[in-house]
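Residue numbers (my numbering): 29 to 503. Using N, Cα and C, we set each Cβ at its ideal position, and we do this for glycine too.
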Amino acid sequence: MSRSARLVRAVAVAAAWGLALPLALAGCDGSGADDAGGVGGGAAGVGDPYFPKAGNGGYDVRHYGLDLAYDPEGRRLSGTARLTARATQALSAFDLDLRGMEVEEVTVGGRAASFDRDGQELTVRPDDHLAKGATFEVVVRYSGHPEAITDPDGSEEGWLRTADGVLALGEPTGSMAWFPGNHHPSDKASYDITVSVPQGLTAVSNGELRSARATGGRTTYAWHTAEPMASHVATLAIGRYTVTRSSTGDGLPVYVAVDPTQAAASRTTLARLPEVMEWAAYNFGPYPFSSTGAIVDRPRDSLYALETQNRPVFPGPPGVGLLVHELAHQWFGNSVTPRTWRDMWLNEGFATYAEWLWTEDEGGPTAEETFTERYDHGEDTYEDLWKFPPATPGSAADVSADPVYQRGAMVVHKIRQTVGDDAFYDLVQGWTAAHRHGHADTDDFTAYVEQQAPDKDFEPIWRDWLYGKGRPERP
Ligand code: TRP
Ligand code: ZN
């Protein structure tokens, strides 16, 4: 089941599965930099095995300050992006990723910088070189009609028009449709997203709402994200929403925005959000962010749900299983973020396994039964479940395919079988703690598991379930 089929299934079913390529992240190894440690241009990508142009080398963004105004009638977005970044090498030039839009002006350190554009690369040449280690501010003024982007797997992301506004979804490369940045999960930053919209519309984004001010027929919403966020889970939803603000038993703020046409059908599931949050924190460790919630748009506004930070997006009323999946991603994906797109199974395998655990804890089939069902019938229910191993998807189009989700979850279950329940939950909580607000790849994970349970042999699991081609022998 691909991600576009996922939603259909989640609605239809009450509950709901080679060789590693050597990877050198080119972050500190700019294409134009000379060997003698001289000044050069930052690389046009971070060297992701599946999305080579995503992100950029030579700098690390610390903070994004986005000041945006949207005109729904003309469908025009105008913005100022203020990025605070640190040079990781001496730089005469560096790239930002931005698709479409018109760039009006770029300054670095308050001085006009020259720039040019080539596809998604916006190359900036500051007036003066940036020293290695220097912190600098780059400001980009831009405007235009942001575009939807078609992914390698055929899904639509980026800037999506909805029945009554827009929805910005960024996995894997969509955020470059609405703001310039270092658009790769390896560079996380804090954010302030401020959006002005005509009065009557609401602008919902990540983090906490700092203010909503009405003047001159428009409302300006200021959203603040203090914890590190990868740009692919940044979001912006503009439209008519019924907003409910509450808090969980632990006092965590909850902000839920629901398209009014979906409100009645969403109520039962959304009422369980605090319970799901508590369950997840109990099993996966302390919640890594300072607020939670959800955004529910109409079923056709997007064809898949996304774990946008703090408040996941759902196209139409989610089932509890899908809510569990997207909230689990706050731990697996948003706090512990994959180093590259190849490490996607660390997101999707764990989020899928969270669904299995939830079902087990609710008194439904145990995870063991779900595992066996996938093993026996995976091919009937899931497309190409054995097509490739979760650790090495075949191509960019495969990072959202069933082996990453279902077989990824099967790997997690094999670990649980090997260590037993107590050690398993300790291991999972230790994992989210070890990489909280950081990054991890498959090697980090296998090394971590081995170190936590040195008396067990995981080699057959890695060989057959994580890296092995085809359907493993019956366990
Ligand atoms: N992460 C989303 C989910 O699990 C699905 C998804 C959207 C996705 N875009 C993607 C997965 C791109 C991989 C790549 O609900
Ligand atoms: Zn997912």
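With a threshold of 7 angstroms on Cβ separation, who are the neighbours of residue i within its own chain once the five nearest residues in sequence on each side are excluded?
| i | result |
| --- | --- |
| Thr460 | Phe312, Gly313, Trp359, Ser363, Val364 |
| Leu49 | Confidence is the limiting factor: at Leu49 the pLDDT is only 30, short of 50, which leaves the residue's position unreliable and the question unanswerable from this model. |
| His269 | Looking at the sequence itself, residue 269 is Tyr, so the reference to His does not match. Cβ neighbours of Tyr269 beyond the five flanking positions: Thr230, Val232, Ala285, Val286, Asp287. |
| His505 | The requested residue 505 is not part of the displayed model; the chain covers only 29 to 503. |
| Phe399 | Met438, His441 |
| Ser275 | Pro281, Val282 |
| Lys484 | Thr446, Val447 |
| Ala242 | Gln227 |
Beta carbon of residue i, beta carbon of residue j: below 8 angstroms?
| i | j | result |
| --- | --- | --- |
| Leu413 | Gln445 | no |
| Leu374 | Thr470 | yes |
| Val194 | Arg110 | no |
| Tyr332 | Ser183 | yes |
| Glu306 | Gly267 | no |
| Gly83 | Gly69 | no |
| Pro318 | Ala250 | According to the sequence shown, residue 318 is Ser rather than Pro. Taking 8 angstroms as the Cβ cut-off, Ser318 and Ala250 do not qualify as a contacting pair. |
| Gly161 | Arg114 | yes |
| Trp511 | Pro174 | The displayed coordinates of the chain run from 29 to 503. Any statement about residue 511 would go beyond what the structure contains. |
| Pro226 | Phe79 | no |
| Val136 | Leu150 | no |
| Trp386 | Gly361 | no |
| Leu351 | Leu301 | yes |
| Arg367 | His467 | yes |
| Ala118 | Gly66 | yes |
| Val447 | Ala481 | yes |
| Thr394 | Gly436 | no |
| Pro421 | Met372 | yes |
Considering only residues of the same chain and omitting the five flanking positions on each side of residue i, which have a CB-CB separation below 8 angstroms?
| i | result |
| --- | --- |
| Ile443 | Phe452, Leu455, Val477, Phe486, Ile489 |
| Arg328 | Ala191, Pro343 |
What residues in its chain sit with their C-beta under 6 angstroms from that of residue i, if we drop five residues either side in the sequence?
| i | result |
| --- | --- |
| Thr336 | Val261, Thr263 |
| Asp63 | Model confidence at Asp63 stands at a pLDDT of 39, short of 50, so the residue's coordinates are unreliable; what they give is reported in the following sentence. If we look at Asp63 and ignore the five residues flanking it on each side, it has no Cβ neighbours. |
| Pro503 | none |
| Asp181 | Ala425, Ser428 |
| Glu354 | Ala333, Glu335, Pro340 |
| Gly245 | Gln227 |
| His91 | Thr112, Ala217, Ser218 |
| Ser239 | Ala250 |
| Thr163 | Arg114 |
| Val89 | Leu111, Ala113, Asn210, Asp215, Ala217 |
| Tyr495 | Pro417, Ala419 |
Is residue i helix, strand or coil when you go by DSSP?
| i | result |
| --- | --- |
| Ser318 | coil |
| Ser203 | helix |
| Phe399 | helix |
| Met305 | helix |
| Thr116 | coil |
| Gly458 | helix |
| Arg273 | strand |
| Glu501 | coil |
| Trp490 | helix |
| Val67 | coil |
| Leu158 | strand |
| Trp369 | helix |
| Glu236 | strand |
| Thr296 | helix |
| Tyr249 | strand |
| Phe416 | coil |
| Thr289 | helix |
| Ser30 | Note that Ser30 scores 45 on pLDDT, short of 50, meaning its location in the model is unreliable; the coordinates nonetheless yield the value given after this. Correct three-state label for Ser30: coil. |
| Pro77 | coil |
| Ser259 | helix |
Which residue or residues does DSSP assign as beta-bridge partners of residue i?
| i | result |
| --- | --- |
| His405 | For His405, which the question treats as bridged, DSSP gives no partner whatsoever. |
| Glu184 | Thr178 |
| His91 | Thr112, Ser218 |
| Phe360 | Val364 |
| Ser142 | Arg153 |
Take the Cβ of residue i as the centre, count every other Cβ of all protein chains shown within 10 Å, and call the residue buried at 16 or more, exposed below.
| i | result |
| --- | --- |
| Ala54 | Note that Ala54 scores a pLDDT of 34, beneath 50, so its modelled location is shaky; the value from the coordinates is reported in the next line. The residue is buried, with at least 16 neighbouring Cβ atoms inside 10 Å. |
| Thr178 | exposed |
| Lys81 | buried |
| Trp493 | buried |
| Asp408 | exposed |
| Val271 | exposed |
| Pro154 | buried |
| Ser294 | buried |
| Lys216 | buried |
| Tyr315 | buried |
| Asp123 | buried |
| Pro500 | buried |
| Ala292 | exposed |
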